[in-house]
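Undergrad: Below is one structure. I have some questions about it.
There are 4 protein chains.
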Amino acid sequence: MAGVNKVILLGNLGADPEVKHLEGDKVVANLRLATTESYKDRSGNRVENTEWHDLELWDGQAKVAEQYLKKGSQIYVEGKIKSDTWQDDQGNNRKRTKIRVQSFTMLGGKSSGPENPQGGNQGQPAQNPNSNTNMNASSAKAYDGDDNEADDLPF
Amino acid sequence: MAGVNKVILLGNLGADPEVKHLEGDKVVANLRLATTESYKDRSGNRVENTEWHDLELWDGQAKVAEQYLKKGSQIYVEGKIKSDTWQDDQGNNRKRTKIRVQSFTMLGGKSSGPENPQGGNQGQPAQNPNSNTNMNASSAKAYDGDDNEADDLPF
Amino acid sequence: MAGVNKVILLGNLGADPEVKHLEGDKVVANLRLATTESYKDRSGNRVENTEWHDLELWDGQAKVAEQYLKKGSQIYVEGKIKSDTWQDDQGNNRKRTKIRVQSFTMLGGKSSGPENPQGGNQGQPAQNPNSNTNMNASSAKAYDGDDNEADDLPF
Amino acid sequence: MAGVNKVILLGNLGADPEVKHLEGDKVVANLRLATTESYKDRSGNRVENTEWHDLELWDGQAKVAEQYLKKGSQIYVEGKIKSDTWQDDQGNNRKRTKIRVQSFTMLGGKSSGPENPQGGNQGQPAQNPNSNTNMNASSAKAYDGDDNEADDLPF
DNA sequence: TTTT
DNA sequence: TTTT
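Residue numbers (numbering that gives the first Met the number 0), protein chains in the order written: chain A, 0 to 154; chain B, 0 to 154; chain C, 0 to 154; chain D, 0 to 154.
Laid out in structure tokens, this is it:
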């Protein structure tokens, strides 16, 4: 029976993306995303609570992430929960949960813009390094291999 | 900085709720929820893929779950991802991820209706055991202690 | 700048789908979906409040809707808000809002199962007319013309 | 039967909030929010498509909006679709759809920070007018009158 | 371990 | 480990 497994996150990267280029043109990027909520406890003190999420992106999206995201980037993410289960050396059942990203959008925050835009002209500073450069890397449709959103880059 | 950490699930329970009544009137329920997606692989064969989620509900919601949900129940859930981290006996960093439920709605499927409705009249079968009895246990707002959704029960 | 425009609905159809087959193999289906919320007013009386949504589905999804949905069907929907604006006869600006469906999933409820399954054998009643027949008609990606979810039908 | 009616938006305000202070301490704010999507048409040209949403906020949230949001502000919104229906002068049935906001979060973008922070010191420019000042105005719980999120302001 |  |  069909179900729903949907995750929506908005937060900041705790580190630069870790990107691996695999055989057969496959690319995978792993991101660490922090979502912080803030509330008042019973004593009226403001408390911050940060949850860290392991994101996994494939192929076109991984390339976009590699080129545009870095530590501190603020992004909006849609994806689904996906767990790996295995047995460790002691024979214990282990489980690791990550978010398989289906789409993401860059928001403003620190460090928007490509790390090294068109590979040159570093003497001329980017016109608006702090502007709200959003960019959408849309749905990956991983199963059927029609993963062509690399053609969807906004330039 | 405020962020967003939102999970939306729709699936079936793999087991009856596990409910613990703690000191001070606190109640916690743990549910195992399966979300199944179905797709065709490259060869055109239909494949089913099930993800299992650990849900945690507190207080008013836990009581509603205890009374109305059981193995097989189909529910719609909103919540957030919440991880526990600790060190195991070998000093390894461990992490366990669960879904802290903020609201849920009972859908049809098997086993709607209370397990043992007001404790009596078992000779008379429930009129419509397979009907689409939905019920909403709304948001828990745990942090500020205004956790009064027990008053929101639909009866 | 990229934004997010996402709608999630779970409710029941108020009428059978209205389907139009257009030139060039295009198909559009219009659905009326009711989402009902129930709450207690200040006096403690339970109140029901129903919102009606106009859904629009295209092509592969429209065909699935035509074949499987009818009045009373319970569905889960993801889509986006889309408005038409025009001037009426009096020169007033008018606006009509609908939900462009990106994916939907059939839940149980009334009237699951095809209206007329494989066109025959009506003497033999469907084995489980009230069973929880879910079915997923996945995302339509209308803009790029790669609208091939008709190939994704679960049979 | 309980249903789901959920809207998630991320975009920018097209104008300053319109706030009305009603009798009995009630406050309502109306916002115009633009969500823009960007895609390539068949010819490979990038196309932008903007949808305008009418948002309605009440009480504590309305006050937060009044103080912190203005034209250009980028926000993340959760809410639900809510329609008004009436008959116009010609006796035609009319319908107007708006988004009843349940929570919102300020993101960076233009014009974060209060319009007039604690009412003074205008000679000293705000230190970081373009910084990523996020702020969460949480769920409004309108029906039951326990609308105390004014106490939840982050200061 | 659910559901179809 | 992010962000404010």
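Beta carbons are placed, not taken as given, at the ideal position from N, Cα and C, and that holds for glycine.
1) In whole angstroms, what separates the C-alpha of B/Glu17 from that of B/Lys62?
2) Check whether the Cβ of B/Val3 lies closer than 8 angstroms to any Cβ atom in chain A.
3) Looking at the C-beta of B/Thr104, does it have a partner C-beta in chain D at a distance below 8 angstroms?
4) Counting only Cβ pairs nearer than 7 angstroms, list the residues of chain B close to D/Tyr75.
5) Check this for me: beta carbons of B/Lys25 and B/Asp58, under 8 angstroms apart or not?
6) Taking beta-carbon pairs under 8 angstroms, can you tell me which members of the region 4 to 19 of chain B lie near chain C?
7) Taking all protein chains shown into account, decide if B/Thr34 is buried (16 or more other Cβ within 10 angstroms of its Cβ) or exposed.
8) At what residues does the alpha helix (DSSP H) containing D/Gly2 begin and finish?
9) Skipping 5 residues on each side, what residues in its chain have a beta carbon closer than 6 angstroms to that of C/Arg189?
10) Please compile the residues from chain B whose C-beta is within a distance smaller than 9 angstroms of the C-beta of A/Lys81.
11) Identify which residue in C/Asp40, C/Arg31, C/Val27 has its Cα closest to the Cα of C/Leu9.
12) Counting C-beta neighbours from all protein chains within 10 Å, is the total for C/Asn115 16 or more, i.e. buried, or is it exposed?
13) Measuring only the C-alpha atoms, how far is C/Glu36 from B/Asn92?
14) In terms of DSSP beta bridges, what is D/Gly159 paired with?
15) Let me see if you follow: with CB-CB separation under 8 angstroms, is B/Gly107 close to chain C or not?
16) Buried or exposed: where does A/Gly90 fall if 16 or more other Cβ atoms within 10 Å of its Cβ makes it buried?
17) Among the residues of its own chain, which have a CB less than 7 angstroms from the CB of C/Tyr75, if the five just before and after it don't count?
18) For C/Gln66, which three-state DSSP category applies?
19) Assuming B/Lys94 and B/Thr84 form a contact by the criterion Cβ under 8 angstroms, report the distance between their Cβ atoms to the nearest whole angstrom.
20) Taking the alpha carbon of C/Thr49 as the point to measure from, which residue in C/Thr96, C/Asn11, C/Gln66 has its own alpha carbon closest?
21) Per DSSP, what kind of secondary structure is A/Gly122 in: helix, strand or coil?
22) Given that a residue counts as buried once 16 or more other Cβ atoms are within 10 Å of its Cβ, and exposed if not, what is C/Gly2?
23) Quick one: what's got a C-beta closer than 8 angstroms to B/Ala64's C-beta in the same chain, skipping five residues either side?
24) Among D/Gln101, D/Ser72, D/Gln86, D/Trp51, which has the Cα closest to the Cα of C/Thr96?
25) What's the C-alpha gap between C/Ser42 and B/Glu47?
26) Can you name the residues of chain D whose CB is closer than 8 angstroms to the CB of C/Pro72?
27) Under 7 angstroms between beta-carbons, which chain B residues line up against A/Ser37? List them in chain order, please.
28) Looking at A/Lys5 and B/Ile7, is the spacing between their C-beta atoms short of 8 angstroms?
29) Taking its Cβ as the centre, do 16 or more other Cβ atoms sit within 10 Å of A/Gln86, making it buried, or is it exposed?
30) Measuring CA to CA, which of C/His20, C/Ala14, C/Gly13 is closest to C/Gln60?
31) Identify whether D/Gly107 lies in helix, strand or coil by the three-state DSSP scheme.
32) What does DSSP give as the partner residue(s) for B/Gln86 in the beta ladder?
33) In the DSSP assignment, find the unbroken beta strand (DSSP E) run with A/Glu47 in it and report its ends.
TA: Per the coordinate set shown:
1) Approximately 11 angstroms between the Cα atoms of the pair.
2) yes
3) yes
4) Val3
5) yes
6) Ile7, Leu9
7) buried
8) Membership of D/Gly2 in any alpha helix (DSSP H) is not indicated, and neither H nor E is assigned to it by DSSP.
9) This structure leaves residue 189 of chain C out entirely; chain C is present only between 0 and 154.
10) Glu50
11) C/Arg31
12) With a pLDDT of 40 at C/Asn115, under the threshold of 50, the modelled position of that residue is not reliable, and no figure is offered here.
13) Cα-Cα distance, rounded: 44 angstroms.
14) For chain D, the structure presents residues 0 to 154; residue 159 of chain D sits outside this window and is missing.
15) yes
16) Around the Cβ of A/Gly90, a 10 Å sphere holds fewer than 16 other Cβ atoms; the residue is exposed.
17) Leu9, Phe103, Thr104, Leu106
18) helix
19) The Cβ separation is near 5 angstroms, so the contact holds.
20) C/Asn11
21) Reliability of the predicted coordinates at A/Gly122 is poor, the pLDDT of 34 falling under 50, and the value obtained from them is presented with this limitation in mind. Reduced to three states, the DSSP call for A/Gly122 is coil.
22) buried
23) Pro16, Val18, Ala28, Leu30, Leu56, Phe103, Ala136
24) For C/Thr96, the closest alpha carbon among the candidates D/Gln101, D/Ser72, D/Gln86, D/Trp51 is that of D/Trp51.
25) 48 angstroms
26) The residue asked about is misnamed: residue 72 of chain C is Ser in this sequence, not Pro. Those do not exist, as C/Ser72 stays about 13 angstroms from chain D at its closest Cβ, beyond 8 angstroms.
27) Ala1
28) Closer than 8 angstroms, so yes.
29) exposed
30) C/His20
31) strand
32) B/Asn92
33) 45 to 57
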